[in-house]
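Peer 1:
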Amino acid sequence: MVRDVIGTMNYIDTLRQLIEEENILFEYKGNFNHKVLVAICKLAESELEFGEEIFFLQKRVVHLVIESLQNLIKHTDQISDAEQRRKSVFIFGYEQGNYVIISGNSITNRKAYHLDNYLEYLNNLNPYRLKKFYKSAIKSVIRWGRKGRMGLIEIAIKSGNKILYRFEPINDEYSYFTYKITISREHHPFALLENPPSTEHEAQPSLE
Amino acid sequence: MEYVRQIRKDLQNSYTIFSYQGVLSQTTQRPIVSIISRRMDIEPDRLDIKRKVYITLLQCLQDVLQRYEDVPAQEQVNNQYLLLVGLSETDYNITCGYQIPNEAVEILKSQIEYLNDLGSEALRTLYNKALHTEAGEQYENKKLDLLYLRRKSNQKILYTFEALDEKTSYFAYTISISRKNLTH
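Going line by line, the protein sequences match chains E and C.
Residues 42 to 249 in the numbering used here are what the first sequence lists, from first letter to last.
Residues 954 to 1137 in the numbering used here are what the second sequence lists, from first letter to last.
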């Protein structure tokens, strides 16, 4: 029996409540497609321009908005019941001086398992390793033409923070995947690091 | 902005499909309308109901845009403009909120109370009179906007005023549009 997706969105509500009401700039719950992506990006750009944010921060935030929305469009798995299909969520806000993106969508449990491992791996990389992983991912795209999970690497590297996430089971086949990105103002994603750590081998997950 | 918080809370888990708080301008108006339109595409409501929601939304956005200059810039609070769109089993709910000068509070209150007490026939008569007679010249844009919204929804306008400081208050109102006689 399909559990009500609303009941499984508790983590989103928890994350939302951490942002003060007046700092939720916008929130949308429903279907996501290219037209919605363009409209949301325009809203984000307007907010950033009005806030007179510096150019590079604007670009970084908009890029991460686009990545998050593309994840919602490409990787939401449609549960058969039409009601459940509408419950993808995107929240853009402001928390303690940083921009915040919260996203939620349903995915298959099989995808959830692989995604969990992948996000765990990304979150445990230090900035130097993350940057190396990003470079090897780019080479893989150039060589094999497979984009894989580049979006999540870019989110990790450009936000400057760990990706906070959770999977909440809906039924035997699907889970609800929620994640939060905090975009540090002062972060410089591709700044050179003065003292890279030792080059011990780390097994890298597949980008498929 | 207690009413706004309460509205958000009531709408939060089940019904809110869109909320926006920040700059409302000609630039942001179009993407907002686009998002709501795309959202309505997947709802089974009749076309005339969707059209009514669309027009009401545009009217609410126009209303907010026209209020922009009523409060001097130095007295405006941050992110004052609010738009919430909720969707329940029975209604679409559109909530707008913005800052107004305190002098406007009593005037707006009396206008809304007057409109809320009118039935649909009386509203139609008043609207036609406002548009087509000399008396229409005396109607300020604000009165006509509220009259239009009241007529479109055919339900009472829910509203509140909250004092922000000695010069300004926060005005928020909700327009409900019935979804009865859905196509499914």
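Glycine is no exception: its CB is placed at the ideal position from the N, C-alpha and C atoms.
The structure displayed is predicted, hence computed values, not measured ones.
1) Tell me the residue span of the beta strand (DSSP E) that contains residue 1044 (chain C).
2) Strictly under 8 Å for the Cβ-Cβ distance: is residue 973 (chain C) near chain E by that measure?
3) Rounded to the nearest angstrom, what separates residue 997 (chain C) and residue 1045 (chain C) at their Cα positions?
4) Identify which residue in C:984, C:1106, C:969 has its Cα closest to the Cα of residue 976 (chain C).
5) Just to confirm before moving on: does the CB-CB distance between residue 105 (chain E) and residue 73 (chain E) stay below 8 Å?
6) Please go through the same chain and pick out, in chain order, the residues whose beta-carbon is closer than 7 Å to the beta-carbon of residue 149 (chain E), but skip the five residues on each side of it.
7) Got a sec, what are the start and stop residues for the alpha helix (DSSP H) residue 162 (chain E) sits in?
8) In chain C, which residues lie less than 8 Å from residue 81 (chain E) when you measure between Cβ atoms?
9) State the beta-bridge partners of residue 210 (chain E) as determined by DSSP.
10) Do you know how far the Cα of residue 1125 (chain C) is from the Cα of residue 1102 (chain C)?
11) Distance check for residue 1061 (chain C) and residue 1010 (chain C), CA to CA, integer angstroms please.
12) Using C-beta distances below 7 Å, list every residue in its chain close to residue 1065 (chain C), excluding the 5 sequence neighbours before and after it, in chain order.
13) Examine chain E for any beta-carbon lying closer than 8 Å to the beta-carbon of residue 1121 (chain C), and answer yes or no.
14) Please report the straight-line C-alpha distance between residue 1088 (chain C) and residue 1130 (chain C), rounded to a whole angstrom.
15) Using a threshold of 8 Å, state whether the C-beta atoms of residue 200 (chain E) and residue 179 (chain E) are closer than that.
16) Mind listing the chain C neighbours of residue 1 (chain E)? Cutoff is C-beta to C-beta under 7 Å, in chain order.
17) Would you mind reading off the limits of the beta strand (DSSP E) that contains residue 67 (chain E)?
18) So which residues of chain E does residue 969 (chain C) contact, with C-beta pairs closer than 8 Å?
19) Can you tell me where the beta strand (DSSP E) holding residue 1119 (chain C) begins and where it ends?
20) Measure the C-alpha to C-alpha separation of residue 993 (chain C) and residue 169 (chain E) and round it to an integer number of angstroms.
21) Name the DSSP beta bridge partners of residue 142 (chain E), please?
22) Do residue 980 (chain C) and residue 87 (chain E) have their CB atoms nearer than 8 Å?
23) Apply the 10 Å Cβ neighbour rule to residue 93 (chain E) and answer buried if 16 or more other Cβ atoms are within range, or exposed otherwise.
24) Would you mind telling me which residues of chain C sit closer than 8 Å to residue 88 (chain E), beta carbon to beta carbon, in chain order?
25) Indicate the three-state DSSP secondary structure (helix, strand or coil) for residue 92 (chain E) in the structure shown.
26) Going by DSSP, which residues form a beta bridge with residue 1125 (chain C)?
27) Can you list, in chain order, the residues of its chain whose CB lies under 7 Å from that of residue 1075 (chain C), leaving out five sequence neighbours each side?
28) Would you please verify whether the beta carbon of residue 995 (chain C) is less than 8 Å from any beta carbon of chain E?
29) Nearest to residue 1105 (chain C) by alpha carbon, out of C:1054, C:1115, C:1080, C:1121?
30) For residue 211 (chain E) versus residue 147 (chain E), is the C-beta distance shorter than 8 Å?
31) Spell out whether any CB of chain E is found under 8 Å from the CB atom of residue 1043 (chain C).
32) Looking only at its own chain, which residues have a Cβ that is under 8 Å from the Cβ of residue 1119 (chain C), when we skip the five neighbours before and after it?
33) Can you tell me whether residue 176 (chain E) is buried or exposed? The criterion is at least 16 other CB atoms within 10 Å of its CB, across all chains shown.
34) Excluding the 5 residues preceding and the 5 following residue 1033 (chain C) in the sequence, name in chain order all residues of the same chain whose CB lies nearer than 7 Å to its CB.
35) What is the DSSP secondary structure of residue 1101 (chain C), counted as helix, strand or coil?
36) Check for me: the alpha helix (DSSP H) holding residue 192 (chain E) runs from which residue to which?
Peer 2: From the atom records:
1) 1044–1054
2) Chain E places a beta carbon closer than 8 Å to that of residue 973 (chain C), counting this residue as a contact.
3) 13 Å
4) Looking from the CA of residue 976 (chain C), the closest CA among C:984, C:1106, C:969 belongs to C:984.
5) Contact flag unset, no.
6) Closer than 7 Å at the Cβ level, and outside the excluded window around residue 149 (chain E), lie 118, 214, 215.
7) Counting along the chain, the alpha helix (DSSP H) containing residue 162 (chain E) begins and ends at 150–165.
8) 984, 988
9) E:216
10) 14 Å
11) 20 Å
12) 1099, 1110, 1112
13) no
14) Note that residue 1088 (chain C) scores a pLDDT of 49, beneath 50, so its modelled location is shaky; the value from the coordinates is reported in the next line. About 29 Å.
15) no
16) Residue coverage of chain E in this structure runs from 42 to 249, which leaves residue 1 (chain E) outside it and unanswerable.
17) 65–71
18) 68, 70
19) Looking at the DSSP string, residue 1119 (chain C) is not in any beta strand (DSSP E), and its letter there is neither H nor E.
20) 46 Å
21) E:133, E:222
22) yes
23) exposed
24) 975, 976
25) coil
26) C:1050, C:1113
27) none
28) At a cut-off of 8 Å between C-beta atoms, residue 995 (chain C) counts as an interface residue with respect to chain E.
29) Residue 1105 (chain C) has its Cα closest to that of C:1080, out of C:1054, C:1115, C:1080, C:1121.
30) yes
31) Closer than 8 Å to the CB of residue 1043 (chain C) there is not a single CB belonging to chain E.
32) 1055
33) exposed
34) 1051, 1052
35) helix
36) For residue 192 (chain E), the enclosing alpha helix (DSSP H) starts and ends at 191–200.
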